[in-house]
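Trainee:
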Amino acid sequence: MKWPSHLALVRHGQSAFNKMKEDKREHPPLTDLGRLQARKTGEFLKRTIPVPDVLITSPYIRCRETLKEIIASWPELQERPVFTEELIRERNIGLAIIYCDWRLFYVFHHEQKELYDRVGEYEYCYPQGEDITGVRRRGRAWLGTLTREFAEQCVLSVMHHVSILAARGNLERMSPEAYLELNEKNPPKNCSVTIYKGHPELGKNGKLVLERYNSLPTEGE
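For the sequence shown, our numbering gives the first residue as 171, with consecutive numbering after it.
Set out below in structure tokens:
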């Protein structure tokens with residue numbers, strides 16, 4: 171089978187986003203609650219999946235700190251290799267990052283709001299940023315890396331809201347409409363867990379099948 175045996179996707183814990191403007195930090199760290207969420211998620215994963223063969227994280231601080239706390243609550247992970255992967259980083263919102271809030275950005279850039287209203291959320295691209303299709307292209311490249319380097323291995327990855335949606339969208343061949351509906355009705359929560367399991371008997375080269383989505387440690391197992 172070309173796919174991992176298990177692919178577990180974890181959204182980072184709660185971050186100090188509200189302090190971003192004050193601290194002038196593009197990549198805010200976890201809050202105390204975020205660290206607690208991550209430790210509980212580690213305990214949950216320990217009961218849910220095999221010990222991962224490899225750990226992959228977005229380069230952003232909040233993801234790296236989330237993985238650190240997961241490892242702290244699951245000691246068997248301490249000897250596993252950890253890779254930082256640019257392909258699963260947060261969506262690049264370009265110029266809008268300096269405004270800290272998209273509503274404030276539109277106040278000063280009326281034409282961008284008009285463009286957003288015209289082309290829609292899926293195709294809109296902030297100046298010097300990327301649109302959702304760009305995030306999904308990166309996601310497809312990352313899935314290609316998994317098939318080349320981690321076939322039949324258990325992979326745990328800590329990433330972002332948009333990265334998880336991109337993975338689901340690509341693996342399940344979602345249309346733009348289905349992607350946007352999922353994002354609106356059931357977006358990934360902080361430290362939620364999404365798990366795919368590899369089925370070698372499906373298709374020519376096996377297939378990853380969704381087992382759980384957006385699960386939290388406090389919810390039923």
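Virtual Cβ for every residue (Gly too), placed ideally from N, Cα, C.
Computed from a predicted model, the values in this text were never measured in an experiment.
Quick test of your reading: Ile268 and Ser327, contact by CB under 8 Å. State the CB separation rounded to the nearest angstrom.
Mentor: Mapped onto the sequence shown, residue 268 falls at position 98. Mapped onto the sequence shown, residue 327 falls at position 157. Not really, about 29 Å apart at Cβ, beyond 8 Å.
Trainee: For Ala321, does the three-state DSSP call read helix, strand or coil?
Mentor: Here residue 321 refers to the residue found at position 151 of the sequence shown. DSSP places Ala321 in coil when its eight states are reduced to three.
Trainee: Expressed to the nearest angstrom, what Euclidean distance is found between the alpha-carbon atoms of Gly264 and Gly304?
Mentor: One-based indexing of the sequence shown puts residue 264 at position 94. One-based indexing of the sequence shown puts residue 304 at position 134. When rounded, the distance between both Cα atoms is 13 Å.
Trainee: I need the DSSP call for Val221, collapsed to helix, strand or coil.
Mentor: As a working note, residue 221 is residue 51 in the sequence shown. Three-state DSSP puts Val221 in coil, outside helix and strand.
Trainee: Rounded to the nearest angstrom, what separates Glu403 and Tyr296 at their Cα positions?
Mentor: Residue 403 lies beyond the stretch modelled for the chain, which goes from 171 to 391, so this question has no answer here.
Trainee: Helix or strand or just coil, what does DSSP make of Gly183?
Mentor: Against the sequence shown, residue 183 aligns to sequence position 13. Three-state DSSP puts Gly183 in coil, outside helix and strand.
Trainee: Taking Lys367 as part of the beta strand (DSSP E), name the residues at either end of that continuous run.
Mentor: On the sequence shown, position 197 is the one that residue 367 refers to. Residues 363 to 369.
Trainee: For Ile302 and Ala348, I'd like the C-alpha separation in whole angstroms.
Mentor: Indexing the sequence shown from 1 puts residue 302 at position 132. Indexing the sequence shown from 1 puts residue 348 at position 178. About 13 Å.
Trainee: Whose C-beta lies closer than 7 Å to the C-beta of Thr211 among residues of the same chain, with five residues either side of it excluded?
Mentor: One-based indexing of the sequence shown puts residue 211 at position 41. Excluding residues within five positions, the ones whose Cβ falls inside 7 Å are Val180, Ile240, Cys361, Val363, Pro387.
Trainee: Evaluate His182 with the Cβ neighbour count: other Cβ atoms within 10 Å of its Cβ, from every protein chain shown; 16 or more gives buried, anything less gives exposed.
Mentor: Residue 182 sits at position 12 when you count from the first residue of the sequence shown. Label assigned to His182: buried.
Trainee: As a quick exercise: from Thr236, Leu225, Ile334, Glu322, pick the residue whose alpha carbon is nearest that of Pro251.
Mentor: Working through the sequence shown from its first residue, we reach residue 251 at position 81. That would be Leu225, whose Cα lies nearest to the Cα of Pro251.
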